[in-house]
Amino acid sequence: MTQSLAIIGGGPAGLMAAETASAAGIRVDLFDAMPTLGRKFLLAGRGGLNLSHAEPLETFLSRYRPTMDLIADPVRAFSPTRIRAWAESLGINTFVGSSQRVFPEEMKAAPLLRAWLRRLREQGVRIHARHRWIGFDQSHHHLLFSTPEGPLKVTADAIILALGGASWPHLGSDGSWQTLLTEQGISVHPLRSSNCGFKVNWDRHFIDRFEGTPLKSIAGSTLWQGEVFQQRSECVISQEGLEGGLIYALAGPLREAIEAKGHAVLTLDLLPDWSHEKIRIKLATPQGKLSQKNFLRRTLRLSDIKWGLLREVFKEELPRTPEALAQNLKALPIVVTAMMGIERAISSAGGIHLQELSKDLMLKRKPGLFCCGEMLDWDAPTGGYLLTACLATGRTAGLGAAHWLKTLNASLEGTSLRHSSDQPPPLESPL
Ligand SMILES: Cc1cc2nc3c(=O)[nH]c(=O)nc-3n(C[C@H](O)[C@H](O)[C@H](O)COP(=O)(O)OP(=O)(O)OC[C@H]3O[C@@H](n4cnc5c(N)ncnc54)[C@H](O)[C@@H]3O)c2cc1C
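Residue numbers (this note's numbering): 84 to 514.
Here is the structure:
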């Protein structure tokens, strides 16, 4: 007999779980609260869908926190190379950009999502949109959904939850599953912003002049627990602080420092292509009648925004000696005071404690209930690491559920043979 699998959540993790389990011959019903699937995935494609990254696999794996096999093993099994081959099997060619990031040739998510949903339908996956999962019934034997037609009870032989984090909640993943699972005794680390902007107490004049200005050709670093985290990228000055790739990449250590100390220091190298010594020598040349701003512009090609930042940090007390000025151009300290809200973050940190899960991502306390994607307690910077882990853990959960159902089926068939009955006995609910 065919066992049924209910997958809740139609983002990249749930879709990959559905593809894997249905390819293994399992009957899959996929539920999502929204009218259409993959809304965050589509948003991710708006700025260029960064599917994965082409750096060596062990370097790639080192980007995840915590560095546990529970995330590393799925990614090893469904590596960036395999993800590219998978996208190509859907008719989506990919390329490696100059930063080693992997993108679809068209950069967008929509063509990939369309081809993917077509494949799922061809594999027999039944999609139920506008079905919001609201918990288990009192007997714990049914999944409860609210639908436009009213409440619905669903029984399944196994379940995969792929409910995402809590950023951009209007796209579907609002983190409300945290209460539903903690009520079941599952340990969940509260969701909070990751890959998000950080707040800086800018002076009014500074923000009036520079809000929205990109800070290009810079590097940033932060020291946390004896380790220096560095990134060369860009960011943007915003009303409340700083946003963009450079900040997202350092979000993990910055967040941890703020949680521990109430603030963190982001050190900016405003001239990463110039050595300290070269800057010092340039600054030691006579300034003549030039203002300091024009002197720095002339000798170091320092942009207005970089000059503005120097003034913002030092106000009227700008270091005067070439040595001290060079030092600060290479390591300008910016105090960040808080993370920006989760509703605009790229991703969420926190989620289901990894200790709760077996290696095929089944909840140890709830046999038959699997979880995958951003709702698990791992974190990574932008660069394709997020989607890679969502796809890879979705695949692991799909394979795990298929294997679990087949084992269950085999044991039931053994039972029914022993009872010489045409009808197998009712299945025990996984819940
Ligand atoms: C602006 C932006 C840009 C991004 N760009 C990139 C990028 O370029 N590269 C990258 O690697 N990552 C990127 N990400 C991150 C990436 O999109 C996410 O990490 C990924 O979508 C998470 O996948 P998921 O399947 O775990 O969850 P989601 O994609 O959030 O999907 C979860 C699904 O579950 C459904 N759901 C939630 N609760 C319920 C419920 N109670 N009942 C029924 N359904 C429910 C939701 O409707 C949703 O469809 C970006 C994110 C954002 C916001």
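For each residue, glycine too, the CB sits at the ideal point set by N, CA and C. Predicted model only: the values in this text are computed from it and were never measured.
Residue i to residue j span [Cα, whole Å]
i	j	result
residue 119	residue 212	6 Å
residue 461	residue 158	13 Å
residue 186	residue 470	12 Å
residue 290	residue 386	16 Å
residue 134	residue 433	22 Å
residue 394	residue 435	44 Å
residue 494	residue 488	10 Å
residue 439	residue 272	11 Å
residue 225	residue 444	21 Å
residue 307	residue 231	49 Å
residue 324	residue 391	14 Å
residue 513	residue 220	Residue placement at residue 513 cannot be trusted, given a pLDDT of 43 that sits under 50; what the coordinates show is reported in the next sentence. Rounded to the nearest angstrom, the two C-alpha atoms are 13 Å apart.
residue 107	residue 482	8 Å
residue 172	residue 199	10 Å
residue 201	residue 472	23 Å
residue 274	residue 369	55 Å
residue 315	residue 446	39 Å
residue 407	residue 332	28 Å
residue 396	residue 132	36 Å
residue 150	residue 206	34 Å
residue 92	residue 286	43 Å
residue 94	residue 188	21 Å
residue 90	residue 210	10 Å
residue 253	residue 122	9 Å
residue 326	residue 334	10 Å
residue 347	residue 420	7 Å
residue 293	residue 468	31 Å
residue 260	residue 154	21 Å
residue 475	residue 166	9 Å
residue 228	residue 247	17 Å
residue 241	residue 161	23 Å
residue 136	residue 342	30 Å
residue 329	residue 86	47 Å
residue 117	residue 353	44 Å
residue 311	residue 464	15 Å
residue 180	residue 295	26 Å
residue 249	residue 457	9 Å
Per DSSP, cross-strand counterpart(s) of residue i
i	result
residue 313	304
residue 325	281 and 320
residue 298	318
residue 241	88
residue 422	281
residue 388	DSSP output for residue 388 lists no bridge partner at all.
residue 48	Any answer about residue 48 is impossible in this case: the structure gives the chain only from 84 up to 514.
residue 430	277
residue 135	185
residue 365	None; residue 365 has no bridge partner.
Candidates the options, of which the one nearest residue i by Cα
i	options	result
residue 115	153, 184 and 244	244
residue 88	327, 343, 196 and 239	239
residue 203	130, 217, 190 and 110	110
residue 422	338, 169, 234 and 270	338
residue 175	162, 197, 184 and 183	197
residue 126	408, 480 and 256	256
residue 222	215, 237, 209 and 210	237
residue 139	334, 104, 183 and 345	183
residue 350	449, 313, 228 and 367	313
residue 233	248, 217, 241 and 247	217
residue 405	457, 367 and 476	367
residue 298	363, 365, 355 and 194	355
residue 194	177, 208 and 181	177
residue 365	382, 377 and 353	382
residue 441	409, 484 and 431	484
residue 283	117, 418 and 464	418
residue 459	466, 269, 363 and 380	269
residue 152	486, 490 and 479	479
residue 104	130, 344, 251 and 486	486
Examine the Cβ distances between the stretch 395-404 and the stretch 246-266 and report whether three or more of them are shorter than 8 Å.
Because the criterion of three Cβ pairs below 8 Å is not met, the stretch 395-404 and the stretch 246-266 do not touch.
Between the stretch 98-108 and the stretch 139-148, do three or more beta carbon pairs fall short of 8 Å?
Counting Cβ pairs under 8 Å, fewer than three are found: no touch.
Taking three-plus beta-carbon pairs below 8 Å as touching, is the stretch 416-428 in contact with the stretch 273-282?
By the Cβ test, the stretch 416-428 is in contact with the stretch 273-282, since at least three Cβ pairs between them sit closer than 8 Å.
Counting pairs of Cβ atoms below 8 Å between the stretch 405-424 and the stretch 342-360, do you hit three or more?
Cβ pair count under 8 Å is three or more, so yes.
Counting Cβ pairs closer than 8 Å, one from the stretch 309-321 and one from the stretch 367-374, do we hit at least three?
Contact check between the stretch 309-321 and the stretch 367-374: fewer than three CB pairs, one atom from each, fall below 8 Å, which does not count as touching.
Validate contact between the stretch 300-314 and the stretch 447-454 using beta carbons, cut 8 Å, 3 pairs
In short, these stretches do not touch, since the Cβ pair count stays below three.
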